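Reviewing the structure listed below.
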Amino acid sequence: MAGLDELRTLIPVDQIAERLGVDRATAQQGIDAALPALLGGLDANAKDPAGAASLGGAIATKDTALIDGGVDVGAIDTDDGEKIVKNVFGDRTDDVAQALGATSGPQDAGLVKKLLPILAPIVMAYLAKRVTGGDQKGSAGGGIEDLLGGLLGGGSGSSGGLEGALGGLLGGLLGGGKR
1303 MAGLDELRTL
1313 IPVDQIAERL
1323 GVDRATAQQG
1333 IDAALPALLG
1343 GLDANAKDPA
1353 GAASLGGAIA
1363 TKDTALIDGG
1373 VDVGAIDTDD
1383 GEKIVKNVFG
1393 DRTDDVAQAL
1403 GATSGPQDAG
1413 LVKKLLPILA
1423 PIVMAYLAKR
1433 VTGGDQKGSA
1443 GGGIEDLLGG
1453 LLGGGSGSSG
1463 GLEGALGGLL
1473 GGLLGGGKR
């Protein structure tokens, strides 16, 4: 299974940096913090039967055109992204952004909060493509949870320890158990 690295290759870091008015390194650092947090939040939701059903429904209706042929940041519906982030983190979005901004480098919570609604539609389109285009088709529960678990554990970069730490942080913020 392709992992987090495949998803990361879809993210247009330079376009995001330009849109947010930051340099590429700052944007990359923010993405590296926000992406595992977003996936971890989705994974936490997928562990709950109602959350898994809701996530499965959202993925089943998600258009994958956003990631087909390369992502154009200008085509991202950040209003939809805000809704996704709200569904993932609920009223804890500010807490998640604050925690990520405090633990992962020079980017602040404001940058992370701006990144989440940009990244969320990319992640959802990617999940939709993986679910509808692979052997997980029609599986709204375990298939999505397995896919998210694979993404969270599938990166080959040096951020594996960070992802584990973020998982524990998210578990505490979102009321979950150990990851």
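Read in order, the letters of the sequence shown are residues 1303 to 1481 in this note's numbering. Don't be surprised by glycine CBs; every beta carbon is placed ideally from N, CA and C. Remember, it's a predicted structure, so these values are computed and weren't measured experimentally.
Whose C-alpha, out of the options, is nearest the C-alpha of residue i?
i: residue 1420; options: 1333, 1429, 1404 and 1367; result: 1333
i: residue 1367; options: 1377, 1360, 1359 and 1358; result: 1377
i: residue 1414; options: 1429, 1387 and 1374; result: 1387
i: residue 1392; options: 1347, 1362, 1432 and 1364; result: 1347
i: residue 1335; options: 1427, 1306 and 1382; result: 1306
i: residue 1374; options: 1313, 1402 and 1357; result: 1313
i: residue 1329; options: 1448, 1449, 1450 and 1410; result: 1410
i: residue 1311; options: 1371, 1384, 1435 and 1448; result: 1371
i: residue 1448; options: 1398, 1365 and 1354; result: 1354
i: residue 1433; options: 1364, 1381, 1399 and 1397; result: 1364
For residue i, which three-state DSSP category applies?
i: residue 1410; result: coil
i: residue 1386; result: helix
i: residue 1363; result: coil
i: residue 1435; result: helix
i: residue 1350; result: coil
i: residue 1370; result: coil
i: residue 1392; result: helix
i: residue 1342; result: helix
Compare the C-beta of residue i with all C-beta atoms of chain C and state if any pair is closer than 7 Å.
i: residue 1370; result: Included in the structure is just one protein chain, with no chain C present.
Spatial neighbours of residue i within its chain, please: C-beta separation below 8 Å, excluding the five flanking residues on both sides.
i: residue 1340; result: 1387, 1390, 1418, 1421, 1422 and 1425
i: residue 1395; result: 1387, 1388, 1415 and 1418
Between which residues of its own chain and residue i is the CB-CB distance below 6 Å, once the five residues before and five after are set aside?
i: residue 1429; result: 1361
i: residue 1384; result: 1419
i: residue 1402; result: 1335, 1339 and 1414
Taking 7 Å as the limit between beta carbons, can you name the residues of its chain near residue i, skipping five residues before and five after?
i: residue 1453; result: 1305, 1306, 1309 and 1341
i: residue 1315; result: 1326, 1329, 1330 and 1333
Taking 8 Å as the threshold, find out whether the region 1319 to 1338 comes into contact with the region 1415 to 1435 through three or more Cβ pairs. yes
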